[in-house]
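Take a look at the structure set out below.
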Amino acid sequence: MNQNKEFYDEIINAIREEIPEEIRDMMEVDIREIVKANDTVLHGVIIKAPEQAIVPTIYIEDCIKQMPEGFAMKDLAEAIISLYHVGMREAPAVESLSLEFDDIKDKLVVQLAEVERNRDRLKELAYKPLDNGMLMLAYVVVQEDERGSMRFAVTKDIVEGQNYDIDKMFETAMKNNEPVLVDISDAIFSDGIEFAENLFDKEINDKLPDGMYTLTNSSTNLGAAVLYYPDIQKRIGDMLQNSYYVLPSSIHELMILPCSVNDNPEFLRKMVKEANETVVNPQEVLSDRVFMYDREKERLVEPKALERNGEERGER
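Residue numbers (this note's numbering): 1 to 316.
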């Protein structure tokens, strides 16, 4: 941030000019570096009066994306002030939210994340280690509607201060969002979260047809974590009667592809990496890696790991 200090000081001064003169001296205006998902560093504007404990954070990078080319600093300051007022009107009263486990257990959700992409965040957040360099984070949902979800991450300080049982916390959070597996065409053409058919809801006696499927949760928010719900990996393999590839679309969903449809992991890796670089929001990227569930060995691996160890996948 030091290398852009003059730029950020200019923003602060422009914002202060937009605050009514009679309250200008009492208002704190600051810009802070905030580490978001995948260790993305954003710069958040904080505007607060001395008595305010909770205020919205307005991210400069997001504001600049919405500004016309050649915008004036005054225009940016006005946009930030406008978002601040909207945030103050719509923000839930989180300062009164009890963090006792019984009070937040129904609000818990989990997110799947890659260790290498989140090392800075992991210094503060509570997490559950998984295989293949993945992990689960826990969030408390404060407000959720058609515009999105407002949530905060469960930190190590919260866990220690409230004496949470980590295993119980993650087990509870996974139960709050049901797993969903649908044909990819259903996911593409569904209206919001109304899917035509959740394949987990019916008894599967015959093999599912070869094709591509979408794995997510009942809210379609942070749904990639479903892959690590108990027994889900094996259950999908049994439904497909096949080993299958897992393509990380984002932190919200995964693509499931039977190995009989495409058995070229390098091609699939290139496809995922290109999508992450051109389509997916950097904060919502899950991984550039592709995984394979080996139905015979009942385990999830990176295909290259099998090749490196000289193991045979066997017949599927």
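In this text, a Cβ means the ideal position worked out from N, Cα and C, and glycines have one as well.
Just so it is clear, the structure is predicted and the values come from calculations on it, not from any experiment.
Checklist entry - Nearest CA to the CA of L125: which residue from E116, V159 and Y213? => result For L125, the closest C-alpha among the options E116, V159 and Y213 is that of V159.
Checklist entry - Counting pairs of beta carbons, one from the stretch 15-28 and one from the stretch 100-112, are three or more of them closer than 8 Å? => result no
Next on the checklist: Does H43 come out as helix, strand or coil in the three-state DSSP assignment?
Outcome noted: strand
Checklist entry - What does DSSP give as the partner residues of M134 in its beta bridges? => result E114
Next on the checklist: Could you compute how far the alpha carbon of N326 sits from the alpha carbon of Y229?
Outcome noted: The question about residue 326 has no answer, for the chain in this structure spans 1 to 316.
Checklist entry - For A225, which of K74, E18 and L108 has the nearest alpha-carbon? => result L108
Checklist entry - Got a sec? Which residues, its chain only, sit under 8 Å from R316 by beta carbon, not counting five neighbours each side? => result Residue placement at R316 is poorly supported in this model, since its pLDDT is 38, which falls under 50; the coordinates still yield a value, given next. Closer than 8 Å at Cβ, skipping near neighbours: N242, S243, C259, S260, R295 and E296.
Checklist entry - Around the C-beta of H85, are 16 or more other C-beta atoms found within 10 angstroms, so that it is buried, or is it exposed? => result exposed
Item to check | Cutoff 6 Å; reference M150; Cβ partners in own chain excluding five residues on either side | outcome: V142 and Q143
Checklist entry - Opposite R299 in the DSSP bridges: which residues? => result Paired residue(s): D294.
Item to check | Exposure label - I64; buried when at least 16 CB within 10 Å | outcome: exposed
Item to check | Close Cβ partners of S249 (< 6 Å) along its chain, the five nearest in sequence each way excluded | outcome: M255
Checklist entry - Within this structure, are the beta carbons of I34 and I58 separated by less than 8 Å? => result Judged by beta-carbon spacing, I58 lies beyond the 8 Å limit of I34, meaning their Cβ atoms are not closer than that value.
Checklist entry - With a Cβ-Cβ cutoff of 8 Å, do N163 and D39 count as a contact? => result no
Checklist entry - Just reading off the alpha helix (DSSP H) that N242 is part of, what are its end residues? => result Per DSSP, N242 belongs to no alpha helix (DSSP H) and is neither H nor E.
Item to check | Enclosing alpha helix (DSSP H) for L268 [first to last residue] | outcome: P265 to T278
Checklist entry - Secondary structure at T172, three-state DSSP: helix, strand or coil? => result helix
Checklist entry - Count the other CB atoms within 10 Å of the CB of M169; is the residue buried (16 or more) or exposed (fewer)? => result buried
Checklist entry - DSSP three-state call for A153: helix, strand or coil? => result Reduced to three states, the DSSP call for A153 is strand.
Checklist entry - Would you report the Cα separation of N276 and A72, rounded to the nearest angstrom? => result 32 Å
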